[in-house]
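Residues in the sequence shown are numbered consecutively from 158, following the numbering used here. From the three backbone atoms N, C-alpha and C, an ideal C-beta is built for every residue, glycine too.
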Amino acid sequence: MAAKIFTVAQQKGGAGKSTLAAHLAVAWLRKKKRTALVDIDPQSSLAAWFEMRRETLGDAAGGLAFENVTGWRAAKTIEALAREYDVVVVDSPPHAETDARVAVRAADLVVIPTQPSPLDVWATRPTLEMAAKEKRAAILALNRVPPRALLTDRMMEKLADYEVALAKATLGARVAFAEAMERGLSAEEHKSSSQAAKEIRALAAELWKKV
């Protein structure tokens, strides 16, 4: 049975794309899904995170498979992993049009993280347009949401104008996400009872049902 492929994409840098990709991959891994994580971002942020993960958990990295690949090899790598695993999570580059398009084209669902700010909302449109051109389903995931912010409600209204699905589960601006990443872990592995861990579990469960 072919894997479910989730591509985390956002043309605007700084939206928390790599952190989201790592956390989703580990969330599904902890649900006993054979999981592969692919970093095709030339910045290789996830490659650094995975190396730290191996230092923390040992060479098996907790059972998470990982590939760092760019350019023409990306599509074939994703395709090969999809034959071996239950789920493949792809972290796409923010600005490399060709590689980002390869990642979007491979996806069953394109997950677009966006912060609830005007600049982030406006910057989301090119990614949505890319998903539409590739005829791929897309969903927005609000990330780094501040508590009790009226701006968040206004931005959610603005996103509704884009006529794209918006995940009900949101991720707050929580230190636990960064603390976990520093150790090569996810918030679930670092502090399983934290609010950050609860949020990522809820988002992962919601996204899984979309494919």
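Through-space distance from residue j to residue i, alpha-carbon basis
i: L285; j: A359; result: 23 Å
i: A337; j: F207; result: 12 Å
i: L181; j: T192; result: 10 Å
i: K355; j: E345; result: 8 Å
i: D277; j: G219; result: 34 Å
i: A204; j: N225; result: 6 Å
i: G215; j: M209; result: 9 Å
i: V247; j: A324; result: 18 Å
i: A178; j: A172; result: 11 Å
i: A326; j: T281; result: 18 Å
i: I296; j: E363; result: 11 Å
i: S201; j: A298; result: 22 Å
i: T271; j: G170; result: 10 Å
i: R156; j: F334; result: Here the chain has residues from 158 to 368 only, and residue 156 is not among them.
i: E212; j: W279; result: 39 Å
Residue i CB to nearest heavy atom of the ligand ATP below 7 Å
i: P303; result: Within the structure as shown, the ligand ATP is missing, as the structure has no ligands at all.
Residues bridged to residue i [DSSP beta-bridge criterion]
i: T281; result: Beta-bridge pairing links T281 to no other residue.
i: I267; result: The question names Ile, but residue 267 in the sequence shown is Val. V267 pairs with T164, A295.
i: T192; result: V244
i: L323; result: L297
i: E224; result: V195
i: V261; result: According to DSSP, V261 bridges with nothing at all.
i: V302; result: G329
Buried versus exposed, by CB contacts within 10 Å (16 or more), residue i
i: W185; result: buried
i: K189; result: exposed
i: Q167; result: buried
i: K174; result: buried
i: L249; result: Reading off the sequence shown, one finds Ser at residue 249, where the question assumed Leu. So S249 ends up on the buried side.
i: R230; result: exposed
i: A353; result: buried
i: R331; result: buried
i: R240; result: exposed
i: A217; result: exposed
i: K366; result: exposed
i: K290; result: exposed
i: R187; result: buried
i: V244; result: buried
i: S349; result: exposed
Practice task
Identify every run of the beta strand (DSSP E) within the stretch 226-254, keeping only runs that are complete inside it and at least 3 residues long; order them along the chain.
Solution key: 244-248
Handout entry: Cβ pair count under 8 Å reaching 3, the stretch 247-263 against the stretch 185-202
Key = yes
Exercise for the section: Scan the stretch 328-367 and note each continuous alpha helix (DSSP H) run of 4 residues or more that stays entirely inside, going in chain order. Expected result: 332-339, 344-347, 352-365
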